[in-house]
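The structure appears below as structure tokens.
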Amino acid sequence: MSLTNALLDLAPEERLRALRRYARLRALADENR
Amino acid sequence: VIEFNPERLLRTLAEHRVDFYVIGAVAAWLQGNPGVTIDLDVMPRRELDNADRLAAALNALGARPRGGDTAVELEGADFLGWETQSFHTDAGPLDVVPQAAAIGGFEDVATVELSLGDFSVRSITIDEVIASKEAAGRPKDAAALPALYATREALRRRR
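Written out as structure tokens, the structure reads:
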């Protein structure tokens, strides 16, 4: 399943929370670089 | 670590009754596009009472202009121009974009309402995101287009 389809299966508020989690992971990865 | 809490940003704007649309990558993400950015772009209605509410919302979020560390007390008059303004806030980066290439401003764009649980926001449509990225012409905008086209197709197939 594509990421687009996975996102489309979520309600918009769940997409928003997923974005926050993604941002946190990316910030941590940037810090550890 | 820079916090990015788009839910808090949008909820604060909604609680302050700011008339605005979500634009840019978060607008596309909310409609299923996986290309992400860690900042929120909003297009406010350019009108004095709304500008006052926007300033109050940004003050509540501890907004400081990007590039400076100092929080400033914003007021409505700061949001009556057409230029994009970038802020850091306690809930992450936020850009105020009164107009965007190809799609125009608040009165011009096509939007869709998105329920976010106990509140809702309006976002520009995926077609408007695509039009603005096509017109902006920067390499990062061009790079975002294939995924946006795929998302538009996926949305059409589901409707």
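Listed in order, the protein sequences are those of chains Y and L.
Counting from 311, one number per residue, gives the positions in the first sequence under this note's numbering.
Counting from 1021, one number per residue, gives the positions in the second sequence under this note's numbering.
The C-beta atom is built at its ideal place from N, Cα and C for all residues, glycine as well.
Predicted model, so just to flag it, every value in this text is computed and none were measured.
Residue range L1060 to P1064 is occupied by the beta strand (DSSP E) that includes V1062 of chain L. Boundaries for P1054 of chain L: no beta strand (DSSP E) harbours it, and the DSSP string shows neither H nor E there.
Each of L:R1065, L:V1141 and L:V1056 was checked against the Cα of V1117 of chain L, and the nearest Cα belongs to L:R1065. Approximately 5 Å separates the beta-carbon atoms of V1038 of chain L and A1077 of chain L; this is inside 8 Å, confirming the contact. Proximity of chain Y to I1058 of chain L at the Cβ level (cut-off 9 Å) is accounted for by L329, Y332, A333, R336 and A337, in chain order. For the pair of segments examined, the region 1038–1057 of chain L was found to touch the region 1066–1075 of chain L: the number of CB pairs separated by less than 8 Å reaches three. Counting C-beta pairs with one atom in each stretch, the region 1137–1151 of chain L and the region 1161–1179 of chain L have three or more that are closer than 8 Å, which means they touch. Taking 9 Å as the CB threshold, I1022 of chain L lines the interface with chain Y.
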